[in-house]
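Notes follow once the structure below has been shown.
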Amino acid sequence: MAEVEETFKRIQAHKGVIGVIVVNSEGIPIRSTLDNSTTVQYAGLISQLAAKARSTVRDIDPGNDLTFLRIRSKKHEIMVAPDKEYLLICIQSPHD
Amino acid sequence: MHCQFLSKAQISSKLLSFQGRIQDSKVFVFGIEITEITNNIPNVNNKMFADITLESVTFKSNWKKERSLASSGCQTSELVVEEVACQSVKYKSVKTQTEDDSDKFSGFADDNSGHLFEFLRRVEPAMHKQLEMNVKSHAFDDYEVTWDEGSSTMSSIHKLTNAAHDGQFQITGLSWNSTGAVIAASYGRFDHEDWCTHKTSLCTWNLERRNLDENKPDTVLEVSSCLMCTAFHPSNPALIAGGTYNGVVIVWDLSREDDMVLTSSGIGDDSHREPVSKVIWVPDTSSVKKNKYLLVSVSSDGKMLVWKMDRKTKQIELHDGFVLMNMNLPTQLRKSRTMRGDKEVGVTCISYNNENKDSFIIGSEPGAVFKCSMSANGEQPAGNIISSIQLKSPVTFTYAHHYGPVYSAEFSPFHRNAFLTSSMDQTLRLYSMLQKQPIMTLEPGEGVIYSTKWSFSRPALFAATTDTGLLLLYDLTQNQPVPVYKLEAGGLMGNNARAPVLTCQFNQHQNNLIATGDAMGCIQVFRISDSLKTPLSRDLEILGDLVDITTES
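Protein sequences appear in the order of chains P and W.
Here my numbering is used: position 48 in the first sequence is 404, and no number is missing along the way.
Here my numbering is used: position 391 in the second sequence is 387, and no number is missing along the way.
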């Protein structure tokens, strides 16, 4: 769908963004702007981490839920927006 | 027992005296008690014999020892033995084969639920906000985390020499191999007057071996003249190239058993006539296969030759060539107006751009620094060079020159435009490829700077070696143009001075190691502290800021 592509392009055009990936609830990537092997790696690892983060938040307070997850590393920052059916992963290099 | 009696008479009385020989020398009792003497001789009256009993005498032999004998028996405990046999009855045979799935990719799922767009619509503003905040945020600017304990000090961990050379030769070149475990050093001298009659060698040490002998190299390759430079192949850990004083380029294959010389350029019209100052392996951009490399050698005769290794014969053949001539020099460097434009100018160093393998820089003996291109096609006057391949002028741009021979030039492995040069005029210069004047000139005041190299792990770190025997480490993130570390890398000479350090090389794989070679033939391997090996997040940014100045001046 064109709107989906446009949204992807908008996010990708942001300053410092290296790649954008959308993953379904099973951890399988649906769309991606990165190459295949990297996409599969990010998809698997990040969906596991997001699930763990979500369970952590809910364990501490069952009325709470995960809204956003950010992982900052030396080289990049990975931003994850979780949802019931999908997961949006965005990798940005803040110093470019 | 053996006794000899003198008389034949049958004596039946006690023996008084005995005259004879005793032939058996075992312990015995001698002395005979004779009870009766009967006289067979007729008519003799033997009244002179009387009966005497003598005590028996014993003595021990003095040369034979007494032997004692004893007899005993033993038996092992009973051994238990069992015998079992078995035999399989059923058979199964299974085969497997992997499928080459590098081309196929089955990871992506199809999404037909139609909810994707709604999800994206919902999530997009939040993502944008975070992305925006991230770029502007200074929250993490000075925030660094150290995960490894690491070392916080710089120390010299190895001091390697070749005892056989006995300090006669200087280290002219150093190279780490493609795995980062082996270091090779070429020995030679820079102060020849005429022909070179030295017999030197190329030595390698494997630093990962437990029984590393610091005074004896693992491999010694004999060369019949001084070696001026050396370079390991970037991907094959067994191939190493070297250039000699006589202009010969040799490639060795360390995996061979006997003669490790794989190929040599020989001394002919096509090869160099003067010492080879640098050899360097360059990826072959024209070849389709990924791992093909060309060998480029530069020399004081002005020629830059590109050698290609034939795949079947494994010999190197001249593939392409360039020559640097007087007419390429900037006007300030031409000594007199009547100097012939077609005289060659010696090239002392060469370095290829990290991103674009077609462009390279060279430093020359008069001090000029040039930007060149592999596909340049400039005409050169014929001059006195005889060569089978047309030697072209590679120069596309001339930078502001040094005031003495440029001893080393190095492109930054991180930034596509930055390069360093060091020269006999005791300065270090940081240039941008796009600008004629250097961005920064550093004068450490430590004499001639023989070599300079960028670190492979930190974009803002570089090292320089000096005539006074020091290894200087510069950090561009510091505000002052002074070295952050000064390491004593040269060996002590007689007059309390340090030997000049002629070359240095960072280890690409173990990025806390740097090796230096000095004029006394001694190699030191230093371990640098973690603060200098791990890149700061702003390193690249700072380097970029420095280099990407677009000024109008």
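The C-beta atom is built at its ideal place from N, Cα and C for all residues, glycine as well.
The structure presented is a predicted model; accordingly, all values stated were derived computationally and were not measured.
T423, F424, R426, R428, K430: these are the residues of the stretch 418 to 430 of chain P whose beta carbon lies less than 9 Å from some beta carbon of chain W, given in chain order. Proximity of D439 (chain P) to chain W, defined by a Cβ-Cβ separation below 8 Å, is satisfied. Around V278 (chain W), the same chain offers Y289, L290, V292, Y348, K353 as residues with beta carbons nearer than 7 Å, after the five sequence neighbours per side are excluded.
In this structure Q474 (chain W) is exposed. Its beta-carbon is surrounded by fewer than 16 other beta-carbon atoms within 10 angstroms. Within chain W, the C-beta atoms nearer than 7 Å to that of Y442 (chain P) come from L112, F115, in chain order. At a cut-off of 8 Å between C-beta atoms, E359 (chain P) counts as an interface residue with respect to chain W. In this structure, G517 (chain W) places its C-beta atom within 8 Å of the C-beta atom of F165 (chain W). Bounds of the beta strand (DSSP E) holding V216 (chain W) are 215 to 219. A buried status is given to G540 (chain W), since no fewer than 16 other beta-carbon atoms sit within 10 Å of its beta-carbon. Under the three-state reduction of DSSP, H154 (chain W) is assigned to strand. Minimum Cα-Cα distance from K430 (chain P) among the listed residues W:G262, W:Y139, W:Q93, W:G184 corresponds to W:Y139.
As the crow flies, the alpha-carbon of G372 (chain P) is around 33 Å from that of M370 (chain W). For Q126 (chain W), the closest Cβ of chain P is nearer than 8 Å. Listed as beta-bridge partners of M300 (chain W) by DSSP are W:V294, W:F318. With distances taken between CA atoms, N207 (chain W) lies nearest to W:H154 out of W:H154, W:D535, W:H124. Within the same chain, Cβ atoms closer than 6 Å to the Cβ of Y470 (chain W) are found at F458, P479, the five residues on either side in sequence being excluded.
Taking a beta-carbon distance threshold of 8 Å, Q448 (chain P) counts as an interface residue toward chain W. In the DSSP assignment, T499 (chain W) falls within the beta strand (DSSP E) that extends over 497 to 502.
At least one CB atom of chain W sits nearer than 8 Å to the CB of T363 (chain P). For L217 (chain W), the closest alpha carbon among the candidates W:S251, W:D209, W:W191 is that of W:S251.
Contact with chain P is found for E120 (chain W), since one of that chain's Cβ atoms lies less than 8 Å from the residue's Cβ. Beta bridge pairing from DSSP links V391 (chain W) with W:C368.
The count of Cβ pairs closer than 8 Å, one atom from the stretch 392 to 408 of chain W and one from the stretch 354 to 364 of chain W, reaches three, so the stretches are in contact.
Between the C-alpha atoms of R387 (chain P) and I367 (chain P) there is a straight-line separation of about 13 Å.
When C-beta distances to chain P are compared with 7 Å, the residues of the stretch 130 to 157 of chain W below that value are N130, V131, F136, in chain order.
Taking C-beta atoms as the reference points, S261 (chain W) and V244 (chain W) count as a pair closer than 8 Å. Going by DSSP, A160 (chain W) is part of no alpha helix (DSSP H) at all; its letter is neither H nor E.
Residue pairing from DSSP places W248 (chain W) in a beta bridge opposite W:I236, W:V257. If you look at G540 (chain W), you'll find it in the alpha helix (DSSP H) that goes 535 to 543.
Under the Cβ criterion of 8 Å, F452 (chain W) is not counted among the residues facing chain P. For G372 (chain P), the nearest beta carbon of chain W is closer than 8 Å to its own beta carbon. Ranked by Cα distance from Q501 (chain W), the options W:W450, W:K482, W:K529 are led by W:W450. Between the stretch 185 to 193 of chain W and the stretch 215 to 234 of chain W there are three or more C-beta pairs closer than 8 Å, enough to call the two in contact. Taking each of W:D526, W:E537, W:L536 in turn and checking the Cα distance to T142 (chain W), the smallest one comes out for W:D526. Residues of chain P whose Cβ lies closer than 7 Å to the Cβ of M123 (chain W) are, in chain order, I367, M435, A437, L444, C446. By the CB criterion at 8 Å, S295 (chain W) and E313 (chain W) fall outside the cutoff.
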